[in-house]
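When we follow the working numbering, the leftmost residue of the sequence shown carries the number 555, and every step to the right adds one.
We put the CB at the ideal spot given by N, CA and C, even for glycine.
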Amino acid sequence: MAVRSVVFDTETTGMPVTDGHRVIEIGCVELMGRRLTGRNFHVYVQPDRPSDEGAIGVHGITDEFLVGKPRFAEVADEFYEFIQGAQIIAHNATFDVGFLSNEFKIAGMPERANIAEYCTVIDSLAMARERHPGQRNSLDALCKRYGIDNSGRELHGALLDSEILADVYLAMTGGQTSLSLAGNASDGDGGGQQGSEIRRLPADRRQTTIIRASQAELDEHMARLQVIAKAAGADALWTQLGT
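Listed below in structure tokens is the structure:
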């Protein structure tokens with residue numbers, strides 16, 4: 555059965571949550587079996603307090619814009635139903651989950667405050683730091699590393715950032731994301747891609763020696779597949795295909 559994942563992000567009035575800061579925007583995109591379904595959840599929330607100037611400089615959401623927007627309690631049921639039972643993915647999940655847990659408490663829904671009880675939480679920032687130690691692992695840095703277009707991200711926005719993070723997460727957990735058989739782009743007609751010439755090996759070539767994996771190597775291979783499955787939230791294709 556395909557794994558259902560929800561990639562999400564929040565914007566807030568500032569930080570930390572212990573200083574009384576609140577959520578003002580929630581954006582979620584749904585993945586089913588590592589494919590975007592087109593089903594999203596997005597809402598702006600009235601926080602009943604002003605945003606810090608520094609926070610507005612990051613996300614551009616003014617207090618005036620939030621006038622008349624629903625309070626979290628009004629959208630809590632719909633949000634809960636969207637994420638319940640899913641594998642949820644956020645960049646610096648501790649921050650976003652902490653704020654949302656606080657919102658459920660303020661809304662008088664303490665039974666929903668421990669999101670880890672009904673969702674599997676994956677922190678893509680912790681994952682990136684493990685894969686790229688000592689490097690910058692912000693969302694923008696990961697977009698550059700994995701060749702993902704984030705040109706529309708002049709300001710942070712919960713829905714846009716969750717869409718970008720979904721692409722980053724899929725690239726980071728899926729290994730090679732494209733297969734090109736094209737030749738040098740500078741060859742051919744004006745820089746367009748041109749297929750490489752197929753070179754066939756001679757029939758009388760010396761046959762390659764086949765070296766089969768030892769049992770220890772097979773055990774290491776299976777252990778590696780389990781690590782991949784844990785990081786991706788689903789069995790590796792190698793395992794799914796039964797090879």
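State yes or no: is the C-beta of A667 within less than 7 Å of the C-beta of F626?
A667 is not a Cβ neighbour of F626, given a cutoff of 7 Å.
How about T591 and V577: do their beta carbons lie closer than 7 Å?
Going by C-beta atoms, T591 is not nearer than 7 Å to V577.
Buried/exposed call for E632, threshold 16 Cβ in 10 Å:
Looking at its Cβ environment, which holds fewer than 16 other Cβ atoms inside 10 Å, E632 is exposed.
Boundaries (first-last residue) of the alpha helix (DSSP H) holding H613
Residue range E607 to H613 is occupied by the alpha helix (DSSP H) that includes H613.
Can you find the residues in the same chain that come closer than 7 Å, C-beta to C-beta, to N691, ignoring five residues on each side of it along the sequence?
Answer for N691: L679, A682 and R683, listed in chain order.
Between the region 698-718 and the region 573-588, can you find at least three pairs of beta-carbon atoms closer than 8 Å?
Enough Cβ pairs lie closer than 8 Å, so yes.
Considering only the beta carbon of each residue, do I642 and V560 sit closer than 7 Å?
Their beta carbons are under 7 Å apart, which means I642 touches V560 by this criterion.
Between the C-alpha atoms of D703 and Y598, what's the straight-line distance to the nearest angstrom?
One C-alpha to the other measures close to 25 Å.
Between the Cα of L779 and the Cα atoms of D606, D758 and T727, which residue gives the shortest distance?
For the residues D606, D758 and T727, the minimum Cα distance to L779 belongs to T727.
8 Å contact criterion, which G568 and G608 should meet: CB distance rounded
Their Cβ separation, rounded to whole angstroms, is 7 Å, which keeps G568 and G608 in contact under 8 Å.
So for Y672, helix, strand or coil by DSSP?
Collapsing the DSSP output to three states places Y672 in coil.
What ranges does the alpha helix (DSSP H) occupy inside the region 610-660, keeping only unbroken runs of at least 4 residues that lie completely in it?
DSSP runs (the alpha helix (DSSP H)) wholly in the region 610-660: 617-620, 626-637 and 647-660.
Roughly how many angstroms lie between the CA atoms of E635 and H775, to the nearest whole one?
Using only the alpha carbons, I get a separation of about 38 Å.
Alpha-carbon to alpha-carbon, V571 and F619
Taking the straight line joining both Cα atoms gives about 21 Å.
Measuring only the C-alpha atoms, how far is S655 from R558?
The straight-line gap from Cα to Cα measures roughly 21 Å.
Quick one: using the 10 Å Cβ neighbour count with 16 as the cut-off for buried, is E628 buried or exposed?
Answer is exposed; the Cβ neighbour count stays below 16.
Considering only residues of the same chain and omitting the five flanking positions on each side of Y723, which have a CB-CB separation below 7 Å?
Here the set comprises V561, I643 and S678.
Beta-bridge partners of I580, as assigned by DSSP
Per DSSP, T564 and V597.
Residues bridged to L861 by DSSP?
Shown here, the chain extends from 555 to 797; a query on residue 861 therefore has no answer.
Between L719 and H645, how many whole angstroms is the CB-CB distance? I'm expecting something under 8 Å.
Yes, they are in contact, since the Cβ atoms of L719 and H645 sit about 6 Å apart, within 8 Å.
D563 versus F595, M586, A556 and R588, residue with shortest Cα-Cα distance:
Answer by Cα proximity: F595.
Exposed or buried, which one is S734 when buried takes at least 16 other CB atoms within 10 Å?
Only weak support exists for where S734 lies, its pLDDT of 39 falling under 50; the coordinates are left without a value.
CA-CA distance, H686 and D758?
Their Cα atoms are separated by approximately 45 Å.
What's the gap between the Cα of A630 and the Cα of P601?
Put simply, the backbone Cα of A630 is about 13 Å away from that of P601.
For D677, name the three-state secondary structure that DSSP assigns.
Reduced to three states, the DSSP call for D677 is strand.
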